[in-house]
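Heads up, the sequence shown is in the UniProt record's numbering, so the first residue is 1 and it goes up one at a time.
Inspection log for the structure reproduced underneath, given as structure tokens.
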Amino acid sequence: MYLVNKEKINRSLSAKIVDARVAQVFNTFKDVLVTSSFGTTSAVLLHLLSRIKPGCPIYFIDTGYHFEETISYKQRLTRLLDLNVIDLRPDPAEHAHTFKEELWEDNPDKCCDINKVEPLDRVKEKYKVWMSGLIGFQDSHRNSLPIMDDDNELIKFYPLIDWNSSLVEEYIESHGLPEHPLKEEGFDSIGCTHCTSKGEGREGRWSDFSKTECGLHR
Numbered sequence: 001m002y003l004v005n006k007e008k009i010n011r012s013l014s015a016k017i018v019d020a021r022v023a024q025v026f027n028t029f030k031d032v033l034v035t036s037s038f039g040t041t042s043a044v045l046l047h048l049l050s051r052i053k054p055g056c057p058i059y060f061i062d063t064g065y066h067f068e069e070t071i072s073y074k075q076r077l078t079r080l081l082d083l084n085v086i087d088l089r090p091d092p093a094e095h096a097h098t099f100k101e102e103l104w105e106d107n108p109d110k111c112c113d114i115n116k117v118e119p120l121d122r123v124k125e126k127y128k129v130w131m132s133g134l135i136g137f138q139d140s141h142r143n144s145l146p147i148m149d150d151d152n153e154l155i156k157f158y159p160l161i162d163w164n165s166s167l168v169e170e171y172i173e174s175h176g177l178p179e180h181p182l183k184e185e186g187f188d189s190i191g192c193t194h195c196t197s198k199g200e201g202r203e204g205r206w207s208d209f210s211k212t213e214c215g216l217h218r
């Protein structure tokens, strides 16, 4: 049904405010996978979830290479919003290999596959829909995504994809939510320490490579 009515569903969701979008998907689909990177814009979706679907599992991929500030921010938001966060971690031996070989230097795609993609793959098969907080203004690829998309593996739901930076900032401020501590230092998009530098949008991610995505959101 989803494949047949894909355009109709996107038109319907586009006309709704984000709260209604999130509620509609939870009401329509039984199994919804929710992930968060606890990055600079993550507080918006996390706050919405805490109100619309309190207690729902929220998966965080702990690559072992996060900034200390990200882990602290995750802990703070978890307490503040009473979130049910589940950590996903890579295979210890494979992760150790990426550390020993400093794989992020020469093969960042493989490093991301081991530390991000594979841990999430272990739980994805339990779900039909994947909800994440991607926002279109961050780069041209994300700006082209619809609210709901299908990659023949999962239905992907991006309730904030048509938001801009002003809406994000206004939401965080109006609800008294804390910002990621690295935001004021010039980091707009934050991933692993080795592959993140200061910059607007996602320009600080893998800045020495043509790579713009970790592989989760190809």
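Positions of the beta carbon are idealized from the N, C-alpha and C atoms, including for glycine.
Exercise. What are the residues that DSSP puts in a beta bridge with His66?
Worked result: Cys192
For this session: Out of Ile52, Ile155, Pro119, Asp113, state which residue places its alpha-carbon closest to the alpha-carbon of Lys128.
Result: Ile155
For this session: Give the secondary structure of Trp130 by DSSP, where H, G and I count as helix, E and B as strand, and everything else as coil.
Result: strand
Exercise. Going by DSSP, what residues sit across from Asp149 in a beta bridge?
Worked result: Lys156
Problem set entry | Top-ranked residue by Cα proximity to Leu134, from Asp162, Lys183, Pro119 | Asp162
Problem set entry | Whole-Å CB distance - Leu160 paired with Leu45, under 8 Å assumed | 6 Å
Exercise. Is Leu3 buried or exposed, if buried means 16 or more other CB atoms sit within 10 Å of its CB?
Worked result: Its pLDDT being 45, under 50, Leu3 is placed unreliably by the model, and the measurement read from it follows with that caveat. Burial call: exposed.
For this session: Find the nearest neighbour of Leu88 within the set Phe29, Gln24, Val34, judged by alpha-carbon distance.
Result: Val34
Problem set entry | Test item: CB-CB of Ser50 and Asp82 under 8 Å | yes
Exercise. Distance, Cα to Cα, Pro90 vs Cys192?
Worked result: 14 Å
Problem set entry | Cross-strand partners of Phe187 (DSSP beta bridge) | Gly199
Problem set entry | Helix, strand or coil at Leu82 [DSSP, three-state] | It should be noted that the sequence gives Asp, not Leu, for residue 82. Coil.
Exercise. Would you call Met1 buried or exposed, if buried means 16 or more other Cβ atoms sit within 10 Å of its Cβ?
Worked result: In this predicted model, Met1 has a pLDDT of only 39, less than 50, meaning its place in the structure is not dependable; the value taken from the coordinates is given anyway. So Met1 counts as exposed.
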